[in-house]
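Residue numbers (my numbering), protein chains in the order written: chain A, 1 to 247; chain B, 1 to 372. Here's the structure, in structure tokens; my notes come after.
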């Protein structure tokens, strides 16, 4: 029996008359890489904000890492990591200072932080750059550093909001290697993306259209079900009827 | 709790890094008060010296000569022209060579002696009203001076004696009003504007979102933002006071500790304002604009720093009461110039405390609304 780590039942977020997220339900299993797909404006960022505790749902139930999204947001925040689509480290702090700051937020001790810093910079191959300002690093390295910092406290789940935007294909591949490594360590990965080739790297994906989840399964089975050669085709079939779009 | 103190220390350190690694901004923040004080102290001044004036002396007797020589020796005036008729007076104004003309009636000394009354006309260039008023005041005080000494000699029972004396600032030095004004402005600028920009910057960069998702308490992030600007503001209070005492010769008549105390209160109020602005804006430009339009301009126009509030329309006088700087400037003047103690400024202290509390409360309220 696989453990469920995120449990969502009829979760809704309403702004006035507009239902940004309309009664969605799904489960995420412990240790899986869960792709949360949807076009711009489909409601995936709003849904994610409710799960990470910075937006209160209008209706429905959800539990993240066993904690309620209404009453136990503080507990949720301690047990998750988050990387936003905007680059979210401090450019005018050094690599080491960024690591120290974020590790300190999660209550790591000084010895843990020192050990983590060495381990992390070695793994990313930026040990020599540890005392340089983050602003001087190339974008790809910054993204990888941001991911490493998002999981520095060994969270139960890491939420990634379009983490590979604007990154070259090689770095994207390396980035996904890091995601796999994190998943192998038992961290559940919840990732939004609109690169459909990336969707194929996920264990399971959900596709959101106009605030509702239209499909949820492993990429292979979705392609079979919709008789498509790629996830891109699946997505186009599902999103064809979309009324909401940013563009 | 221990963890929160540690987080606070980490965040305050981070804020100092942000400021120290931007040396240009820091130079502006620390250099601005020095430049302003020196500018207002030396260059921009309401005192007028060596104004060109012309004299039309229709009497040419000992009384008029005495007054003219007093004017000449006053350092306020330099007599450019000795005129012979009225037409020349207007020509001299039109060519822009003089700012004021003094016209004595014929038989000035005789009239003074026999009628106890003599006429002198002072003409000024009204196109520059401030200048004109100041010059008229200087000239009439010189004439009154002469009248006083003349009356002494005559010992007339009905002698009219007008005495002018400027309390607290006998030489009408401009620096006496610019030091409190600059303090009111600079502290507001650093505490309110810089704090609001720093907080909004985190929103704009997207780092605020990451912090909101982390277990760190939002108030802790905000408090840590205010600490470095609080420190910078106190440094600036010290710089301004040192400059005004040792360079500008404006002493602190009252208690220096009390002065630092009310400055701290004003800094708190400005920080609260900065936090309030940051809850209402989402870009750095908007925060800056709100600070300039909403804070700096009112301070310059309505706090009594540049223009006297008592002469404004009632509406503006009422509005001026909601400007924290007005109360702070009153307190600084009371302590620095009049040497008053806490007993005379408790009302202003209460008002500033109330304003600080008010801005903090609505900021907290707005913050909660935004999160849900």
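Note that CB positions come from ideal geometry on N, CA and C, so glycine has one too. Because the structure is a prediction, the values reported are computed rather than measured.
With distances taken between CA atoms, residue 205/B lies nearest to 282/B out of 254/B, 145/B, 282/B, 146/B. Close to residue 88/A, with beta-carbon spacing below 8 Å, are these residues of chain B in chain order: 205, 206, 207, 209, 210. Judged by beta-carbon spacing, residue 196/A lies within the 8 Å limit of residue 232/A, meaning their Cβ atoms are closer than that value. Note that the stretch 273-293 of chain B touches the stretch 198-217 of chain B; at least 3 beta-carbon pairs, one per stretch, sit closer than 8 Å. From the beta-carbon of residue 17/B, the residues of chain A found nearer than 7 Å are 92, 93, 97. Under the DSSP assignment, residue 104/B falls outside any alpha helix (DSSP H), being part of the beta strand (DSSP E) whose first and last residues are 100-104.
Close CB contacts of residue 132/B within its chain, under the 7 Å cut and outside five residues either way in sequence, are with 124, 125, 126 (chain order). For the set 201/A, 27/A, 213/A, 103/A, the Cα lying nearest the Cα of residue 146/A is the one of 103/A. Per DSSP, the beta bridge partners of residue 29/A are 4/A. Fewer than three pairs of CB atoms, one per stretch, sit closer than 8 Å, so the stretch 173-189 of chain B makes no contact with the stretch 73-86 of chain A. Residue pairing by DSSP places residue 77/B opposite 51/B in a beta bridge. Residues of chain B whose Cβ lies closer than 8 Å to the Cβ of residue 78/A are, in chain order, 215. Contact between the stretch 286-304 of chain B and the stretch 207-226 of chain B is absent, with fewer than three C-beta pairs closer than 8 Å. Listed along the chain, the chain A residues whose CB falls inside 8 Å of the CB of residue 14/B are 90, 93, 97, 101.
For residue 91/A, the closest alpha carbon among the candidates 14/B, 228/B, 223/B, 103/B is that of 14/B. One alpha carbon belongs to residue 172/A, the other to residue 97/A, and they sit about 25 Å apart. Where residue 80/A is concerned, the enclosing beta strand (DSSP E) starts and stops at 80-83. Runs of the alpha helix (DSSP H) lying entirely within the stretch 81-109 of chain A, each at least 4 residues long, are 95-105 in chain order.
Annotation: residue 159/A to residue 12/B spans about 27 Å, alpha carbon to alpha carbon. Using a C-beta cut-off of 8 Å, the stretch 263-270 of chain B makes contact with the stretch 348-364 of chain B, since at least three inter-stretch Cβ pairs fall below that distance.
For residue 48/A, the enclosing alpha helix (DSSP H) starts and ends at 44-51.
Residue state for residue 119/B is assigned as coil, using DSSP reduced to three classes. Using a CB distance cut-off of 8 Å, residue 284/B does not count as an interface residue toward chain A. Each residue's CA atom was taken as its position, placing residue 227/B and residue 96/B some 54 Å apart.
Sequence-distant Cβ neighbours of residue 245/B in its own chain, meaning closer than 7 Å and more than five residues away, are 251, 252.
Under the three-state reduction of DSSP, residue 61/A is assigned to strand. The DSSP-derived three-state label of residue 112/B is helix. Taking C-beta atoms under 8 Å as the contact rule, residue 80/B and residue 54/B qualify, at a distance of about 6 Å. Following the DSSP letters along the chain, one finds residue 156/A in no alpha helix (DSSP H), marked with neither H nor E. Using a Cβ-Cβ cut-off of 8 Å, residue 23/A does not count as an interface residue toward chain B, since no Cβ of chain B sits closer than that to its own. Listed along chain A are 100, 101, 104, 105, each with a C-beta nearer than 8 Å to that of residue 10/B. Interface flag for residue 366/B against chain A is unset, since no Cβ pair is found closer than 8 Å. The three-state reading of DSSP puts residue 117/A in helix, counting H, G and I together. For residue 338/B, the three-state secondary structure derived from DSSP is coil.
The beta-carbon distance between residue 10/A and residue 72/A, rounded to whole angstroms, is 19 Å. This is too long to meet the 8 Å contact definition. One finds 104 in chain A with Cβ atoms closer than 7 Å to the Cβ of residue 6/B, taken in chain order.
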